[in-house]
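Engineer: Under the numbering used here, the first residue of the sequence shown carries the number 149, and numbering increases by one thereafter.
Heads up, the beta-carbon is just placed ideally off N, CA and C, and yes, glycines get one too.
This is the structure, below, for whatever I ask next.
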Amino acid sequence: MFIGHQAVAFAAKRVAPRTSLGVLMGAAMFLDLLWPVLVLVGVEKVRIDPGNTAFTPLAFDSYPFSHSLATSLAMAAVAALAYWVATRYSSGAWMVGAAVFSHWVLDFISHRADMPLLPGTSTRVGLGLWNSVPATLTVEILMFAGSLWLYTRTMRPKGKLGVWSLWTLVGFLGVAYLSNAFGPPPPSVPALAWVAMAVWLLPLWAGWVDRQRTAER
Ligand SMILES: [Zn+2]
149 MFIGHQAVAF AAKRVAPRTS LGVLMGAAMF LDLLWPVLVL VGVEKVRIDP
199 GNTAFTPLAF DSYPFSHSLA TSLAMAAVAA LAYWVATRYS SGAWMVGAAV
249 FSHWVLDFIS HRADMPLLPG TSTRVGLGLW NSVPATLTVE ILMFAGSLWL
299 YTRTMRPKGK LGVWSLWTLV GFLGVAYLSN AFGPPPPSVP ALAWVAMAVW
349 LLPLWAGWVD RQRTAER
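Quick look at the structure:
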């Protein structure tokens, strides 16, 4: 899943308006921030295999650390605790933990049965939403639109910058999503991993967008 993860971050602001959208974005995408790093150092394996599912040309051969159920739960707990220690804001800590874990749940719904439960074991699970392009687009676009509606009702723009900064980010995410869905497969695994590293910029961008808005009314 792609914009479905970002939808979690936008929606979580409703529960934890004092937590930066940047932090929530980093939490919701944390597994995918870790993944290209582990691919680049050779710990996790991915193959380019057009037709692997209807939606993605990627075969996730091995990603036991970034995308197993057990490691996701552990990372969610550590992230929530770290956020709580830093801020003492319990709604925010719950949302940070929930956002990290939501990534595994949403990927479990999307991916074919390639998601490990525990590193070192062979059981793989996944419901395979990606076998249908129309179903994937419908679910993700509805999630994204619904979460944006919640976010704009929670966070009011401080001025013009508050308006266009958000919609620039939303436009970028939409274009990136559709070119991912309908563009050609990546030329090589290193090229894919380096492009995926660019996702590290999104939490920073989202944090800046969030500062142009306020929860006060
Ligand atoms: Zn993922």
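Excluding the 5 residues flanking Ser-313 on each side, which residues of the same chain have their C-beta closer than 6 Å to its C-beta?
Structural biologist: Within the same chain, Ser-313 has close Cβ partners Val-357, Gln-360.
Engineer: I'd like to check one pair, Thr-204 with Pro-267: are the Cβ atoms closer than 8 Å?
Structural biologist: For Pro-267 and Thr-204, no; Cβs fall outside 8 Å.
Engineer: Let me know the secondary structure DSSP gives Ala-207 once reduced to three states.
Structural biologist: Note: Ala-207 maps to strand in three-state DSSP.
Engineer: Please classify Phe-320 as buried or exposed, where buried requires at least 16 other C-beta atoms within 10 Å of its C-beta.
Structural biologist: Exposed is the call here.
Engineer: Are the region 269–288 and the region 184–196 in contact at 8 Å, needing three or more beta carbon pairs?
Structural biologist: Counting Cβ pairs under 8 Å, fewer than three are found: no touch.
Engineer: Taking 7 Å as the cut-off, is the CB of Leu-179 close to at least one heavy atom of ligand 1?
Structural biologist: Yes, the Cβ of Leu-179 comes within 7 Å of a heavy atom of ligand 1.
Engineer: Rounded to a whole number of angstroms, what is the C-alpha to C-alpha distance between Leu-277 and Leu-254?
Structural biologist: Cα-Cα distance, rounded: 10 Å.
Engineer: From Ser-280 to Tyr-325, what distance separates their C-alpha atoms?
Structural biologist: If you take the alpha carbons of Ser-280 and Tyr-325, they lie about 16 Å apart.
Engineer: Within 7 Å: the Cβ of Asp-255 and any heavy atom of ligand 1?
Structural biologist: Asp-255: yes, Cβ under 7 Å from ligand 1.
Engineer: Could you give the DSSP three-state label for Thr-362: helix, strand or coil?
Structural biologist: Correct three-state label for Thr-362: strand.
Engineer: Starting from Lys-193 and walking both ways along the alpha helix (DSSP H), at which residues does that stretch end?
Structural biologist: Run containing Lys-193: none in the alpha helix (DSSP H); it sits in the beta strand (DSSP E), 193–196.
Engineer: Which residue's Cα is closest to the Cα of Val-171: Arg-272, Trp-232, Val-273?
Structural biologist: Minimum Cα distance to Val-171 is reached at Trp-232.
Engineer: Just the Cα atoms here: how many angstroms apart are Leu-309 and Met-303?
Structural biologist: Distance between the alpha carbons of Leu-309 and Met-303: 13 Å.
Engineer: With DSSP as the reference, identify every bridge partner of Val-273, one or two as the case may be.
Structural biologist: DSSP, once it has assigned bridges, lists Met-263 as partnering Val-273.
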